[in-house]
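S.K.:
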């Protein structure tokens with residue numbers, strides 16, 4: 231028999247036992263749908279983080295207050311530094327100058343970050359404030375101004391709003407040239423940033439202003455202190471060397487030791503490595519949990535195929551009497567079990583799309599909060615191909631022993647079977 235003939239027979243046999251086949255397929259559907267949903271969350275997080283890191287570029291190094299032990303050196307520490315820096319920083323003008331004088335440093339900017347209330351009309355909200363150098367801030371981070379313009383050199387009492395502050399925070403959109411009050415001081419809006427999603431959406435929920443103005447509205451910030459020092463380097467290939475050079479210079483200048491440092495140096499490269507490692511581990515864990523249901527589905531396929539061999543013993547004997555080879559009988563049962571796996575995988579992927587859509591529609595909204603929006607789950611073509619291949623292989627392997635048993639039946643004994 232040709233492979234196409236065997237495939238047609240396999241389809242016919244499955245359709246003749248449709249109820250049992252569908253009950254078996256359900257186990258695979260649940261497993262594949264779970265894997266698709268779980269891994270799509272991880273893929274969404276990976277893409278979101280990589281997109282966010284592109285805002286900083288590969289040539290940016292950041293010095294933050296706090297040691298790795300206090301959480302300053304990982305992605306959580308960075309978000310915490312941006313979200314809750316309230317004048318407790320130990321970074322100063324001396325540190326900025328120390329870094330500026332190093333060979334290989336292209337530019338340096340000290341910034342301050344804090345929180346205060348912003349009032350527009352009759353509404354008042356607590357927001358993130360980022361005090362920047364008007365001449366350097368856009369050289370440090372890759373953000374686009376969607377409406378309005380950039381700061382002029384030494385311009386005071388003007389602000390640029392993150393996208394969500396301007397468009398979503400208040401009941402009405404804040405237009406360019408509006409007046410808002412930040413920390414009791416009036417500012418004119420000169421620009422609105424294009425939404426970037428960077429730092430889990432924190433930049434989109436930030437007000438940017440001249441660092442001199444920021445010192446007036448952010449509580450408890452000392453005159454020469456900074457929350458973060460941004461460092462642009464000349465050669466991205468030497469970023470690890472530059473981190474080491476900055477670290478040694480700061481330790482020497484501040485008279486600190488490696489085990490008692492009060493600062494942390496990080497780069498987008500380090501963050502990406504940490505994040506990808508965490509997400510890969512998470513995907514492995516979640517995929518393992520979801521894989522348990524696939525194992526249960528595989529047992530169901532094996533059970534169904536054993537039952538099918540018993541029920542079709544006379545049919546097997548007839549086929550062998552007509553000249554069917556052992557390999558053809560085995561191939562017929564393997565095709566059936568593989569078809570169960572493939573159909574289950576196909577439906578599981580479709581169900582995974584539905585679950586992922588629901589997660590993106592309701593879950594993202596539910597687990598997001600002001601200042602940070604959770605990333606959307608993403609199903610990639612690679613994930614679809616992987617799941618379909620995996621479910622088909624699982625199906626084929628589950629039917630291997632029953633198929634072998636069917637192929638080994640003696641024609642005479644099979645024909646006599648009642």
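In my numbering, the protein residues as written are 231 to 648. For glycine and all other residues, C-beta sits at the position ideal for the given N, C-alpha and C.
Counting only runs that start and end within the region 388-468, where is the alpha helix (DSSP H) found for 4 or more residues in a row?
M.R.: 441-447
S.K.: Use the C-beta contact count for residue 464: other C-beta atoms within 10 angstroms, 16 or more gives buried, fewer gives exposed.
M.R.: exposed
S.K.: Which residue comes first and which comes last in the beta strand (DSSP E) that contains residue 344?
M.R.: 335-350
S.K.: What three-state label does DSSP hand residue 290 in the structure shown?
M.R.: Taken through DSSP and simplified to helix, strand or coil, residue 290 comes out as strand.
S.K.: Do you know how far the Cα of residue 527 is from the Cα of residue 390?
M.R.: 56 Å
S.K.: With residue 368 and residue 341 assumed to form a contact (beta carbons below 8 Å), what rounded beta-carbon distance in angstroms separates them?
M.R.: Their Cβ separation, rounded to whole angstroms, is 12 Å, which puts residue 368 and residue 341 out of contact at 8 Å.
S.K.: Taking one C-beta from the region 346-356 and one from the region 471-485 each time, how about it: are there three or more such pairs within less than 8 Å?
M.R.: no
S.K.: Would you mind stating whether residue 283 and residue 565 have Cβ atoms separated by less than 7 Å?
M.R.: no
S.K.: Let's test the definition: count the other Cβ atoms within 10 Å of the Cβ of residue 396 and tell me whether it reaches 16, buried, or not, exposed.
M.R.: Burial check for residue 396: the Cβ neighbour count within 10 Å reaches 16 or more, so the residue is buried.
S.K.: Residue 494 by DSSP, collapsed to three states: which one?
M.R.: strand
S.K.: Are the Cβ atoms of residue 328 and residue 295 separated by less than 7 Å?
M.R.: Cβ distance not < 7 Å, so residue 328 and residue 295 don't count as in contact.
S.K.: Mapping the DSSP letters down to three states, classify residue 247 as helix, strand or coil.
M.R.: coil
S.K.: Please name the residue in 475, 506, 576 whose C-alpha comes closest to that of residue 332.
M.R.: Nearest C-alpha to residue 332: 475.
S.K.: Taking 8 Å as the limit between beta carbons, can you name the residues of its chain near residue 315, skipping five residues before and five after?
M.R.: Unreliable positioning characterises residue 315 in this predicted model, as indicated by a pLDDT of 47, which lies under 50. The coordinate reading is nonetheless provided below. Cβ neighbours of residue 315 beyond the five flanking positions: 295, 342, 343, 344, 457, 458.
S.K.: Whether or not the region 265-277 and the region 429-447 are in contact is what I'm after, with contact meaning three or more pairs of Cβ atoms, one per stretch, closer than 8 Å; do they touch?
M.R.: No contact exists between the region 429-447 and the region 265-277.
S.K.: When the Cα atoms are used, what is the spatial distance from residue 557 to residue 507?
M.R.: So the two alpha carbons sit approximately 45 Å from each other.
S.K.: With distances taken Cα to Cα, identify the nearest neighbour of residue 523 among 454, 256, 481.
M.R.: Minimum Cα distance to residue 523 is reached at 256.
S.K.: Rounded to the nearest angstrom, what separates residue 383 and residue 419 at their Cα positions?
M.R.: Distance from the CA atom of residue 383 to the CA atom of residue 419, rounded to whole angstroms, is 16 Å.
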